[in-house]
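Heads up: the structure comes next, in structure tokens.
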Ligand code: THU
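Numbering (our numbering), first residue to last: 49 to 172.
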């Protein structure tokens with residue numbers, strides 16, 4: 049959660065002003081963090097969770113245990129549908145920890161957030 053809070057400070061969120069940080073933990077305890085990155089076309093925005101996952105993959109990490117997602121909101125900010133899909137395909141059934149700047153606001157298994165997923169097993 050601390051790593052996600054720190055990454056959130058780097059968010060490029062000048063259009064929504066909604067800053068998000070995410071931090072993935074690998075099975076060997078390495079933490080890789082990301083923030084949301086918006087741009088002038090809006091549609092090319094990448095959420096914090098996908099930035100963290102793509103950073104981790106590009107650095108060679110392949111096995112993950114959990115992910116923390118932080119936003120400055122009272123209510124939990126769960127990953128969007130696109131991020132659930134990417135987290136599932138590359139991270140498996142992660143523990144998803146939601147938090148704001150002060151405290152944890154929710155904890156889920158990714159399989160509960162994304163029941164009946166489409167993934168590579170169905171391409172065979
Ligand atoms: N956003 C994230 O980065 N992660 C989430 O879990 C929810 C939404 C970002 C996308 C966009 O930059 C802003 O928050 C508002 O939707």
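All C-beta atoms in this analysis are idealised placements derived from N, C-alpha and C, irrespective of residue type, glycine included.
When rounded, the separation of the alpha-carbon atoms in residue 139 and residue 72 is 9 Å.
Comparing alpha carbon positions, the residue from 60, 114 and 158 closest to residue 95 is 60. Separation of residue 114 and residue 90 (C-alpha to C-alpha, rounded to the nearest whole angstrom) is 28 Å. The beta carbons of residue 161 and residue 127 sit closer together than 8 Å. For residue 69 and residue 58, the gap between their C-alpha atoms comes out near 8 Å. Residue 82 holds the alpha-carbon nearest to the alpha-carbon of residue 102 among 142, 82, 62 and 125. No Cβ-Cβ contact shorter than 8 Å links residue 49 with residue 143. A direct Cα-to-Cα measurement between residue 119 and residue 136 gives close to 21 Å.
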